[in-house]
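Count along the sequence shown starting at 1, add 55, and that's the number in our numbering.
Think of the CB as a built atom: it goes at the ideal place given N, C-alpha and C, for glycine as much as any other residue.
Predicted model, so just to flag it, every value in this text is computed and none were measured.
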Amino acid sequence: MGRLIAYMRRMKRPILIHPDPRLKKVCAPVPDLSDDLRVLADDMLETMYAAPGIGLAAPQIGILQRLIVLDCVKEEDGEPRPLVMFNPQIISSSDETNVYEEGCLSIPDQYAEVTRPKVVEVEWMDRDGNARAETFDGLWATCVQHEIDHLNGKLFIDYLKPLKRQMITRKMQKLKRERARA
Ligand code: K1U
Ligand code: ZN
């Protein structure tokens, strides 16, 4: 696909809401980069910024491939830092942990504290096919772990006690019924 057509096809995609079997699947590695995959990554950034969110994983839009996007620059006047990661892998994690109140675009308006390693080193392939590695701390570390969990069929509510998880799941089932009726 030509660059112009790839750009013109950029669009926001609908985000799946939990519970959905596609959000529980282990995603397949991306074997080779293509223009279609670059369009997908751009669409995911568009979808993430519009939500608004600080991350998005391909299974959240029904694509079961190992691709995530993130931008944790929260300041209104901050320079955006969109990251596109194909086949991201955590290669080391700190013993020190961090507690963050997480949300999820597939579980709207529900937040809960999750404990994760404070610092992680991640390797991935970028939008241009280059191998990249970086150490992330704070919110960036939390977000990249949350997104990689999505690629393994894991949601932040899987870290919660069963009763709390069940309560949130029931709320989401109700939300989906209401949205289907509207
Ligand atoms: O993966 C997702 O569902 C996106 C999720 C990422 C995330 C949030 C918090 C902790 C870890 C990972 C979100 O972006 S939820 C929305 C959100 O956190 C937010 C939205 C607007 C401004 C700031 C944050
Ligand atoms: Zn999420």
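Taking the beta strand (DSSP E) that C127 falls in, what are its first and last residues?
Careful: C127 lies outside any beta strand (DSSP E) and carries neither H nor E.
Excluding the 5 residues flanking D97 on each side, which residues of the same chain have their C-beta closer than 6 Å to its C-beta?
The answer, listed in chain order, is R65.
Beta-carbon separation of E168 and E176 under 7 Å?
Cβ distance not < 7 Å, so E168 and E176 don't count as in contact.
Taking contact to mean 3 or more Cβ pairs, one atom from each stretch, closer than 8 Å, check whether the region 103-114 and the region 144-153 are in contact.
No, they do not touch.
So what does DSSP say about D75, is it helix, strand or coil?
In the structure shown, D75 sits in coil (DSSP, three-state: anything other than H, G, I, E or B).
In the structure shown, what three-state DSSP assignment does A83 receive?
In the structure shown, A83 sits in a strand (DSSP, three-state: E or B).
Based on the DSSP secondary-structure assignment, which residues constitute the bridge partners of R121?
Answer is none; R121 lacks a bridge partner.
Drop a sphere of 10 angstroms on the beta-carbon of L218, count the other beta-carbons inside from all chains shown, and report buried for 16 or more, exposed for fewer.
Label assigned to L218: exposed.
Which residue spans inside the region 129-155 form an unbroken beta strand (DSSP E) run of at least 3?
Correct list: 138-148.
By a C-beta neighbour count over all protein chains shown, 10 Å radius and 16 as the cutoff for buried, is V81 buried or exposed?
So V81 counts as exposed.
By DSSP's criteria, W179 is part of a beta bridge. Which residues make up the other side?
Note: W179 sits in a beta bridge opposite R187.
At a threshold of 6 Å, does L160 count as lining ligand 1 (C-beta to nearest heavy atom)?
Within the cutoff, so yes.
Is T197 near ligand 1, judged by its Cβ being under 6 Å from some heavy atom?
Yes, ligand 1 has a heavy atom inside 6 Å of this Cβ.
Based on DSSP bridge pairs, tell me the residues matched to E157.
According to DSSP, E157 bridges with A167.
Using the Cα positions of A61 and L92, report the straight-line distance between them to the nearest angstrom.
Reliability of the predicted coordinates at A61 is poor, the pLDDT of 49 falling under 50, and the value obtained from them is presented with this limitation in mind. Answer to the nearest angstrom: the Cα atoms are 10 Å apart.
Helix, strand or coil for R196 per DSSP?
The residue you asked about is not Arg; residue 196 is Ala in the sequence shown. The answer is helix: DSSP assigns A196 an H, G or I state.
Taking C-alpha atoms, which residue in D90, I223 and L100 lies nearest to D183?
Of the candidates D90, I223 and L100, the one whose C-alpha sits nearest the C-alpha of D183 is D90.
According to DSSP, what are the bridge partners of V174?
Answer is D192, bridged to V174.
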